[in-house]
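Chemist: If you use the numbering used here, the sequence shown corresponds to residues 120 to 300, in order.
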Amino acid sequence: TPSKVIWPFLGVILLLLAANVVSFLVNRLRNLTMMKMGIDVVVDLRTRLFDKVQAMSLAGVSRRTTGELMNRISQDASMLQNFINSWIPNFLSQVLLLVGVSVVLAFYDPVLLAIFIVPVMVTLPAISFFHKKIHKIYGKQWEATSKSGAVLHDILSGIRGVKAFGTEAKESRRYSEAAER
């Protein structure tokens, strides 16, 4: 009869709807928690960095430009916040997925688990190798971006002098070179 098919079908639909609502709520809670934690860490880090700059000697402060010091306090802390808000949850999600799939496969078919795990183990050294290479490249890119931001800040903080002495073209080339690097 149709009622024997419709009620179980409606039950499955309601369970799927409930699972989606619970998933949405859990993701919202996770995102809000990660944002709050990221903001707290960034505020604390910025405060500590500012205190560290304040405690530097005159010689230490003189070796760095104002823009470089500002980038260290603002941009680097924001990058850490992005890491906390984006990378950590994604990494944890992927690790939990890997563990969950492994547990299910171990329960249902150990041979399938071996077929699943062997390629993962084979790719780990390659991932480690590429991670080291990318880490070096990212470090250079981060340093260049930081210097570019410092140059921009220094130019803009002295823009009245740039205008007064007519050195706009020189400063434009200076920023363009820093941005290109």
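Ideal Cβ positions, reconstructed from N, Cα and C, are used throughout, including at glycine. Since the model is a prediction, treat every value here as computed from it, not as a measurement.
How many angstroms separate the CA atom of N150 from the CA atom of G219?
Modeler: About 22 Å.
Chemist: Is it true that the CB of V270 sits closer than 9 Å to the CB of A297?
Modeler: Result yes, Cβ atoms of A297 and V270 sit closer than 9 Å.
Chemist: Could you tell me the alpha carbon to alpha carbon distance between D170 and M240, rounded to whole angstroms?
Modeler: Near 45 Å, if we compare the C-alpha coordinates of M240 and D170.
Chemist: Just how far apart, CA to CA, sit L156 and S267?
Modeler: A small fix is needed here, since residue 156 is Met in this sequence, not Leu. Distance between the alpha carbons of M156 and S267: 29 Å.
Chemist: Reducing DSSP to helix, strand and coil, say where M175 ends up.
Modeler: Three-state result, M175: coil.
Chemist: Of all the alpha helix (DSSP H) runs that stay within the bounds of the segment 215-288, which reach a length of 4 or more residues?
Modeler: Correct list: 229-276 and 278-284.
Chemist: Using a Cβ distance threshold of 8 Å, determine whether the segment 227-243 contacts the segment 178-190, with at least three qualifying pairs required.
Modeler: Contact between the segment 227-243 and the segment 178-190 is absent, because fewer than three Cβ pairs lie under 8 Å.
Chemist: Can you check whether the CB of V172 is closer than 9 Å to the CB of I192?
Modeler: Contact: yes.
Chemist: Using a 10 Å radius around the Cβ and a threshold of 16 neighbouring Cβ atoms, would you call Q200 buried or exposed?
Modeler: Under this definition Q200 is a buried residue.
Chemist: Could you tell me if I274 is buried or exposed, where buried requires 16 or more neighbouring beta carbons within 10 angstroms of its beta carbon?
Modeler: I274 comes out buried.
Chemist: Below 9 Å between beta carbons: does that hold for M154 and N209?
Modeler: Going by C-beta atoms, M154 is not nearer than 9 Å to N209.
Chemist: Report the option in R293, Y257, K252 and K255 whose CA atom is closest to the CA atom of H272.
Modeler: Per the Cα distances, R293.
Chemist: Taking only runs that begin and end inside the segment 138-167, name each unbroken beta strand (DSSP E) of 3 or more residues, in chain order.
Modeler: As far as the segment 138-167 is concerned, it has no whole beta strand (DSSP E) run of at least 3 residues.
Chemist: According to DSSP, is R191 part of a helix, a strand, or is it coil?
Modeler: The answer is helix: DSSP assigns R191 an H, G or I state.
Chemist: Under the rule that 16 or more other beta-carbon atoms within 10 Å means buried, what is A178, buried or exposed?
Modeler: Burial call: exposed.
Chemist: When you compare the CB positions of S265 and D195, do they come within less than 9 Å of one another, or not?
Modeler: The answer is yes: Cβ separation under 9 Å.
Chemist: From G280 to N190, what does the alpha carbon distance come to, in whole angstroms?
Modeler: In a straight line, the C-alpha of G280 is about 22 Å away from that of N190.
Chemist: Tell me the DSSP secondary structure of R182 in three-state form.
Modeler: Coil, per DSSP.
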